[in-house]
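Take a look at the structure below.
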Amino acid sequence: MEPEALPKERAALRQPDAPSARKPRTVKADLAVVTPAEIDVFDEPDIIAAEPPPATAPRKRSMLGGLLFGALGVLVSLALGLWTDQLIRDLFARAEWLGWLAAGMAVIALLAL
5 MEPEALPKER AALRQPDAPS ARKPRTVKAD LAVVTPAEID VFDEPDIIAA EPPPATAPRK
65 RSMLGGLLFG ALGVLVSLAL GLWTDQLIRD LFARAEWLGW LAAGMAVIAL LAL
């Protein structure tokens, strides 16, 4: 691997027929044409004075539906807890370090909630 060329050597390695960099130019202000819109939406007084629509009453929810979803949530939580417990016990039976790793991951998952 060869060392990188110094900046002066890099300039010498450039092709001599390469075009030189142009100087930056600005756009003349009289060339830009701005045409105002026919309707100015910020001048509309009707939008500010308009009243919002009346609020609708919230839907009545069934108390039995809430109980159903609450009970299902508790059952799913218990099932996940029992599954995690059995998984950790099986991993401890196979290799102790796997059990400790799974227990640590379970603690991290609980703390993340």
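Residue numbers for the sequence shown follow our numbering, beginning at 5 and rising by one. Quick reminder that beta carbons are idealized off the backbone N, C-alpha and C, glycines included.
1. Is there contact here, the stretch 81-92 with the stretch 57-67, by at least three beta-carbon pairs under 8 Å?
2. Let me make sure I understand the geometry here. Which of 97, 36, 85 has the alpha-carbon closest to that of residue 113?
3. Could you check how far apart the C-beta atoms of residue 103 and residue 115 are, in whole angstroms? I think they sit under 8 Å.
4. Where residue 77 and residue 99 are concerned, what is the direct C-alpha to C-alpha distance, given to the nearest angstrom?
5. Considering only residues of the same chain and omitting the five flanking positions on each side of residue 93, which have a CB-CB separation below 8 Å?
6. Quick check on DSSP: helix, strand or coil for residue 94?
7. Taking the C-alpha atoms as reference points, what is the distance between residue 26 and residue 35?
8. Who are the near neighbours of residue 63 in its chain, counting only those whose CB is closer than 8 Å to its CB and skipping five residues on each side?
On the basis of the data shown:
1. no
2. 85
3. That belief does not hold up - the Cβ atoms of residue 103 and residue 115 are roughly 19 Å apart, past 8 Å.
4. 33 Å
5. Answer for residue 93: 103, listed in chain order.
6. helix
7. 22 Å
8. none
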